[in-house]
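What follows is a short report on a single structure.
Residue numbers (the numbering used here): 5 to 308.
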């Protein structure tokens with residue numbers, strides 16, 4: 005059994021196309037087919053059912069794909085660490101993020117990593133926590149930074165390890181000339197305002213003050229569901245909505261005076277962690293990124 009055979013197996017499983025898998029590995033389709041046939045011969049099992057129009061993994065293929073991916077990543081991590089020992093930090097880290105950790109936590113960690121380790125390539129994927137954690141378990145991502153409550157009820161929770169990050173308060177952000185500047189407004193009045201939040205809203209319903217909980221249950225909170233925190237802040241700057249962001253981000257966006265921040269209820273805080281597959285080998289570049297994220301998160305918690 006050879007590494008390239010496992011790589012061909014993984015590519016065909018992921019792409020479901022001999023042509024695309026062969027192109028990805030710069031081999032001909034017949035060569036890819038021979039490689040997989042040799043692997044199946046060694047295993048004594050078929051990995052794929054092949055028809056004229058489709059390629060589908062067998063039950064054996066489904067059962068072995070994660071093991072194959074783990075072996076591939078372990079070998080790549082070995083090669084990467086050997087390269088680092090020769091003095092050149094290299095690698096490619098694929099990280100998923102929820103809307104709140106994206107800025108300034110991840111932007112700060114990426115700045116530090118790029119300054120200290122020029123050879124490490126990064127791919128950042130945004131999305132729902134459910135999709136990101138599924139991609140993590142499928143080995144499509146190396147780690148995910150998102151709200152820790154999202155994985156707790158997952159059937160795969162036992163397979164996920166979490167590095168808890170320091171929590172910080174969330175604050176309300178609005179335009180300095182907002183017509184509904186909520187100074188002195190009651191919670192019930194605030195709940196009637198128009199709020200903009202990223203989709204999905206990274207606020208757990210169970211920590212919302214009661215009037216907001218009612219508005220959330222009725223589908224009125226948030227009023228605007230936008231793709232990113234940046235889009236929510238743009239709408240707030242235009243005076244069309246209020247939004248909620250981590251205090252560290254509020255400090256950055258309120259510097260020019262167009263936006264102001266107000267304290268949110270004390271139970272409304274970030275709840276983020278770095279999610280990893282428990283049994284998976286971490287590459288040196290992934291470990292370096294994790295260290296930078298933890299360092300930046302601690303600096304944010306110290307108010308730096």
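For glycine and all other residues, C-beta sits at the position ideal for the given N, C-alpha and C. All values reported here derive from a predicted model rather than from experimental measurement.
Contacts around residue i, its chain only, beta-carbon distance under 6 Å, and the 5 residues preceding and following it disregarded
i	result
residue 192	215
residue 50	44 and 62
residue 81	285 and 287
residue 290	97 and 146
residue 9	39 and 43
residue 195	215, 216 and 219
residue 16	25
Residues bridged to residue i [DSSP beta-bridge criterion]
i	result
residue 95	124
residue 165	280
residue 101	130 and 149
residue 221	Paired residue(s): none; residue 221 is not in a bridge.
residue 246	199
residue 229	201
residue 178	264
residue 3	Outside the modelled stretch of the chain, which goes from 5 to 308, sits residue 3, for which no answer is possible.
residue 108	Paired residues: none, contrary to the question.
residue 183	In the DSSP output, where bridge partners are listed per residue, residue 183 has none listed.
residue 173	273
Residues near residue i in its chain [Cβ-Cβ closer than 7 Å; skip 5 each side]
i	result
residue 264	178, 180 and 258
residue 250	104, 172, 174 and 274
residue 224	none
residue 305	170 and 172
residue 113	293, 296, 297 and 300
residue 241	179, 262 and 263
residue 303	none
Alpha-carbon spacing of residue i relative to residue j, whole angstroms
i	j	result
residue 140	residue 288	17 Å
residue 115	residue 124	12 Å
residue 74	residue 134	22 Å
residue 52	residue 5	17 Å
residue 44	residue 136	31 Å
residue 252	residue 176	12 Å
residue 29	residue 18	13 Å
residue 72	residue 14	7 Å
residue 42	residue 199	59 Å
residue 255	residue 301	15 Å
residue 228	residue 282	37 Å
residue 156	residue 109	22 Å
residue 54	residue 128	34 Å
residue 33	residue 219	57 Å
residue 117	residue 147	16 Å
residue 39	residue 152	41 Å
residue 119	residue 261	30 Å
residue 163	residue 226	33 Å
residue 68	residue 267	51 Å
residue 47	residue 79	20 Å
residue 221	residue 190	19 Å
residue 294	residue 237	28 Å
residue 132	residue 7	33 Å
residue 66	residue 159	18 Å
residue 138	residue 165	14 Å
residue 95	residue 11	17 Å
residue 126	residue 84	15 Å
Spatial neighbours of residue i in its chain, beta-carbon cut-off 8 Å, leaving aside the 5 residues before and after
i	result
residue 232	103, 106, 130 and 202
residue 298	167, 169 and 278
residue 143	70, 73, 74, 77, 281 and 284
residue 308	none
residue 183	243
residue 161	155
residue 26	32, 33, 35 and 36
residue 149	99, 100, 101, 102, 105, 109, 110, 169, 276, 277, 278, 279 and 297
residue 239	200, 228, 230, 245 and 247
residue 64	47, 49, 50 and 51
beta-carbon residue i near the ligand SAM non-hydrogen atom, thresh 7 Å
i	result
residue 79	Ligands are entirely absent from the displayed structure, and the ligand SAM is therefore not among its contents.
Q: Run through the stretch 41-73 for me and flag every whole alpha helix (DSSP H) of 4 or more residues, listed as ranges in chain order.
A: none
Q.
Taking 8 Å as the cut-off, does the stretch 227-241 touch the stretch 272-292 (at least 3 CB pairs, one atom from each stretch)?
A. no
Q) Is there contact between the stretch 11-28 and the stretch 56-72, where contact requires at least three CB pairs shorter than 8 Å? A) yes
**Q.** Contiguous beta strand (DSSP E) assignments of at least 3 residues, all confined to the stretch 257-304
**A.** 263-267 and 276-281
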